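> Per this note's numbering, the very first residue in the sequence shown carries number -2; after that it's consecutive. Glycine is no exception: its CB is placed at the ideal position from the N, C-alpha and C atoms. Remember, it's a predicted structure, so these values are computed and weren't measured experimentally.
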Amino acid sequence: MKNIQEIKRKLYEACLLFVDEKYNTVTSIIESNKKALFSETKSSAGDKHETGRAMLQLEMEKASQQLAVIFEMKEALSKIEIQKTSKMICLGSLIITNKASYFLAISTGKITIENTNYYAVSTNSPIGKQLLGKSIGDRIPFNEAEISAIY
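(1) If the criterion is Cβ atoms closer than 8 Å, does the pair Cys12 and Ala97 meet it?
(2) Please work out which residues of its chain come closer than 7 Å, Cβ to Cβ, to Gln54, disregarding the five sequence neighbours upstream and downstream, and give them in chain order.
(3) Do you know how far the Cα of Leu88 is from the Cα of Gln105?
(4) Do Ile4 and Leu91 have their C-beta atoms within less than 8 Å of each other?
(5) Can you tell which of Asn21, Arg50 and Thr82 has the C-alpha that lies nearest to the C-alpha of Phe35?
(6) Enumerate in chain order the residues of its own chain whose CB-to-CB distance from Lys7 is below 6 Å, with the five nearest sequence positions on each side excluded.
(7) Relative to the alpha-carbon of Lys19, which residue among Met70, Ser132, Gly134 and Asn121 has its alpha-carbon at the smallest distance?
(8) Mapping DSSP to helix, strand and coil, what is Thr109?
(9) Compare the C-beta of Gly49 with all C-beta atoms of chain B and state if any pair is closer than 8 Å.
(10) Which residue comes first and which comes last in the beta strand (DSSP E) that contains Ala97?
(11) Could you tell me the alpha carbon to alpha carbon distance between Met52 and Lys59, rounded to whole angstroms?
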């Protein structure tokens, strides 16, 4: 079997990169909207101007909510100890099952490492909730299939 610690490290780094990219995208949107909001000048089309400002304000609120989610993801990642091993599945665990392989961290979706697909899932996701606290060999019902934790 491949070096589990190395795979966990790569998965963790992929999650960090995912969060950094999301952060950069959202902060870029916020900056762009701030500039647009401040550059809006009152024109003869008053209603159009007010509608434009309201739309920008809604975009700013949406981006702020996304930023809050990003900070929650960063917080979850900061709690992961990659080198930690445990007989019970917990945050930071790599779970290799007979159906798929999961990294319990944040929800980023599929991550491919050395031609193998892993799914980074949060502890709040349906599969994350099912896996959390289980041990090697436990049978876990998920999507009408029994998932047996192998590692």
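Working from what's here:
(1) no
(2) Answer for Gln54: no residue qualifies.
(3) Sequence inspection shows Thr at residue 105; the Gln mentioned does not correspond to that position. If I take the Cα positions, the gap works out to 14 Å.
(4) Yes. Within cutoff.
(5) Arg50
(6) Ile110
(7) Met70
(8) strand
(9) No chain B appears in this structure, which consists of one protein chain only.
(10) That residue, Ala97, is in no beta strand (DSSP E); it is neither H nor E in DSSP.
(11) Their Cα atoms are separated by approximately 11 Å.
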